[in-house]
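**Student:**
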Amino acid sequence: MAVTGAQKAERTLYLSHIAKIENSHTLHNSESLRKLLRYLAEHALDHPGTPLKEYQIATEVFGRPAAFDPQVDSTIRVQAGRLRLKLAEYYASEGLEDTVLVEMPKGTYLVSFHTRAGDSSKIHLQTAHDAVVEEEGARRSRRWSMAVVCLSVLLLASLATIGWLLSTRKKTADVITESVPAEFATFWKPFMLAPEEPWVIFSNGAFVGRPETGMRYFNAARDAGAPVILDHYTGVGEVLSVHALDRVFEQLHRQIRVKRGSLFSLDDAKNNDLIFVGSPAENLTLRDIPGTREFVFQRVDSGARKGDLAIANLHPQAGEPRFLLGSPAEAPLNEDYAVIALTKGLDPTRSVLILAGTTTMGTQAAVEFACDRNSVRELLKWLGVTETSGLKPFEAVLRVKVTRGVPVETSIVAVRITR
Numbered sequence: 556m557a558v559t560g561a562q563k564a565e566r567t568l569y570l571s572h573i574a575k576i577e578n579s580h581t582l583h584n585s586e587s588l589r590k591l592l593r594y595l596a597e598h599a600l601d602h603p604g605t606p607l608k609e610y611q612i613a614t615e616v617f618g619r620p621a622a623f624d625p626q627v628d629s630t631i632r633v634q635a636g637r638l639r640l641k642l643a644e645y646y647a648s649e650g651l652e653d654t655v656l657v658e659m660p661k662g663t664y665l666v667s668f669h670t671r672a673g674d675s676s677k678i679h680l681q682t683a684h685d686a687v688v689e690e691e692g693a694r695r696s697r698r699w700s701m702a703v704v705c706l707s708v709l710l711l712a713s714l715a716t717i718g719w720l721l722s723t724r725k726k727t728a729d730v731i732t733e734s735v736p737a738e739f740a741t742f743w744k745p746f747m748l749a750p751e752e753p754w755v756i757f758s759n760g761a762f763v764g765r766p767e768t769g770m771r772y773f774n775a776a777r778d779a780g781a782p783v784i785l786d787h788y789t790g791v792g793e794v795l796s797v798h799a800l801d802r803v804f805e806q807l808h809r810q811i812r813v814k815r816g817s818l819f820s821l822d823d824a825k826n827n828d829l830i831f832v833g834s835p836a837e838n839l840t841l842r843d844i845p846g847t848r849e850f851v852f853q854r855v856d857s858g859a860r861k862g863d864l865a866i867a868n869l870h871p872q873a874g875e876p877r878f879l880l881g882s883p884a885e886a887p888l889n890e891d892y893a894v895i896a897l898t899k900g901l902d903p904t905r906s907v908l909i910l911a912g913t914t915t916m917g918t919q920a921a922v923e924f925a926c927d928r929n930s931v932r933e934l935l936k937w938l939g940v941t942e943t944s945g946l947k948p949f950e951a952v953l954r955v956k957v958t959r960g961v962p963v964e965t966s967i968v969a970v971r972i973t974r
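If you're matching positions, the sequence shown starts at 556 in the working numbering and goes up one per residue.
(1) Identify every run of the alpha helix (DSSP H) within the segment 581-653, keeping only runs that are complete inside it and at least 4 residues long; order them along the chain.
(2) What is the residue span of the alpha helix (DSSP H) that His-798 lies within?
(3) Could you check where the alpha helix (DSSP H) with Val-931 kicks off and where it finishes?
(4) What's the C-alpha gap between Leu-607 and Gly-846?
(5) Quick check on this structure: which residue in Gly-618, Gln-611, Thr-581 and Glu-586 has the alpha carbon closest to the alpha carbon of Ser-648?
(6) For Val-794 and Ala-873, I'd like the C-alpha separation in whole angstroms.
(7) Going by CA-CA distance only, name the one from Leu-910, Pro-753 and Arg-959 that's closest to Phe-831.
(8) I need the boundaries of the beta strand (DSSP E) containing Lys-814, first residue and last residue.
(9) From the DSSP output, which residues share a beta bridge with Pro-962?
(10) In this structure, how does DSSP classify Leu-908 when only helix, strand and coil are distinguished?
(11) If I measure Cβ to Cβ from Leu-592 and keep anything under 7 Å in the same chain, skipping five residues before and after, which residues do I get?
(12) To the nearest angstrom, report how far apart Leu-989 and Ala-749 are at their CA atoms.
(13) From the DSSP output, read off the bridge partner residues of Ala-737.
(14) Per DSSP, what kind of secondary structure is Gly-764 in: helix, strand or coil?
(15) Sort Asn-826, Pro-620 and Phe-757 by Cα distance to Arg-905 and report the nearest one.
(16) Would you call the segment 947-966 in contact with the segment 873-893, where contact means no fewer than 3 C-beta pairs closer than 8 Å?
(17) Please return the same chain residues whose Cβ sits closer than 6 Å to the Cβ of Arg-812, not counting the five positions on each side in sequence.
(18) Rounded to the nearest angstrom, what separates Val-907 and Leu-821 at their Cα positions?
(19) With distances taken between CB atoms, is the gap from Glu-849 to Thr-973 smaller than 8 Å?
(20) By how many angstroms is the C-alpha of Phe-852 removed from the C-alpha of Ala-884?
(21) Output the boundary residues of the alpha helix (DSSP H) element that contains Lys-825.
(22) For Trp-719, does the three-state DSSP call read helix, strand or coil?
(23) Compare the Cα-Cα distances from Asp-801 to each of Thr-630, Leu-818, Val-763 and Trp-743 and report the closest residue.
(24) Who are the near neighbours of Tyr-569 in its chain, counting only those whose CB is closer than 6 Å to its CB and skipping five residues on each side?
(25) Looking at the secondary structure, which residues open and close the beta strand (DSSP E) in which Thr-898 lies?
(26) What span of residues does the alpha helix (DSSP H) with Ala-921 cover, start to end?
(27) Quick one: Cα of Val-655 to Cα of Glu-565, how far?
(28) Taking the beta strand (DSSP E) that Trp-754 falls in, what are its first and last residues?
(29) My understanding is that Leu-818 touches Asp-628, with C-beta atoms under 8 Å, so please give their C-beta distance in whole angstroms.
(30) Measure the CB-CB distance between Glu-609 and Tyr-594 and report whether it falls below 8 Å.
(31) Taking only three categories from DSSP, how would you classify Gln-562?
(32) Measuring straight from C-alpha to C-alpha, what distance separates Leu-665 and Leu-588?
Listed below in structure tokens is the structure:
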């Protein structure tokens, strides 16, 4: 089917509008959403009416591997939801006077284009060859013009409402102190500022073997030829930690999004607030984003504890040990150490909270500490935080006493205020 000059002009108009949205302030710090918008728009123009699958978007836009499973990984649905919100935000602010409207209805990945004025209302991107007489076309044009005006008014009102809702969500952190403990309002405020819910990323180590015959941690040096590497197991402490965080955020009138570490990507990390549950030994994404600088997780490389995971105190103060080690790996677990750290994300306007122990019990203790009102109050005192000063980036080490596989006592042993 031949492409007419009018269709070429129409395509050029729509792509130039997509470029305008890509370069807007609304999407200026969201490379992933810009890529997604461009891809969906070009697909709609090149293949009108052809549906898109999550798998296709995941592999072609976000570089996911061929093994991507949309039933397990909700990345594409989340990104599409964010794009819808950003489009609404754009048209309620910068794009208020734009003559071209881009829409992606919920439940589909098909983009459609509308015009606010002119000779047509909604462009379905289908070639029409209906022959009509000039007089009938003029009457139809007048009727459609009236419909366009009415629909545009309704659409603008809807977009303005959505924009207002988005702006009110950003004000949540300012009013939260009215309904939750002051300690929680202060400690968790960095995760209440963005319109998107924070991600909770829990650790899940890689294993080889089978549950019925025995499993062990994957070792890259000797297990390169392993037929199956299992990455869908996590510790008891991580499970209980996610539950504790969900309960706290319910008090904060906020939801969380949860994903296991092996499925989390740097693209996800760029534009979101993150809460990591578990140490970099298993939460591997932590190795690729800004992390701790004072208290870091390291394997002991010599001596009787060689191979054990420790917290290295890089700049020990008077009376502080260089390494903080829990119970030996071959002994019953009765002591562990954990880190609570607040840092800036890949995007400095975003926050990252690290809650991690050298074992799953230490991780559980760190999260429960951050979810307990009295413990948070104690930590804020150590940090010198007041209602007016606000919470700054910090790192803290906790000593955890464990009895019969349960953290029973947690205390602060060292704190650093970072920049």
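Every residue, glycine too, gets a C-beta built ideally from N, C-alpha and C.
**Tutor:** The answer reads as follows:
(1) 586-601, 609-615 and 630-646
(2) 791-806 is the span of the alpha helix (DSSP H), which, as asked, contains His-798.
(3) Per DSSP, Val-931 belongs to the alpha helix (DSSP H) from 928-938.
(4) 37 Å
(5) Thr-581
(6) A direct Cα-to-Cα measurement between Val-794 and Ala-873 gives close to 37 Å.
(7) Leu-910
(8) 812-815
(9) Val-957, per the DSSP bridge assignment.
(10) strand
(11) Ile-573, Ile-576, Glu-577 and Leu-638.
(12) Given that the chain is displayed from residue 556 to residue 974, the structure contains no residue 989 and the question cannot be resolved.
(13) According to DSSP, which records beta bridges pairwise, Ala-737 is partnered with nothing at all.
(14) strand
(15) Asn-826
(16) yes
(17) Glu-752 and Trp-754
(18) 13 Å
(19) A contact, by the Cβ cut-off of 8 Å.
(20) 15 Å
(21) First-last of the alpha helix (DSSP H) with Lys-825: 821-825.
(22) Only weak support is given to the placement of Trp-719: the predicted model assigns it a pLDDT of 49, under 50, and the value that follows is read from those uncertain coordinates. Helix at Trp-719.
(23) Trp-743
(24) Phe-668
(25) 890-899
(26) 915-925
(27) 11 Å
(28) 754-757
(29) 5 Å
(30) no
(31) Note: Gln-562 maps to helix in three-state DSSP.
(32) 15 Å
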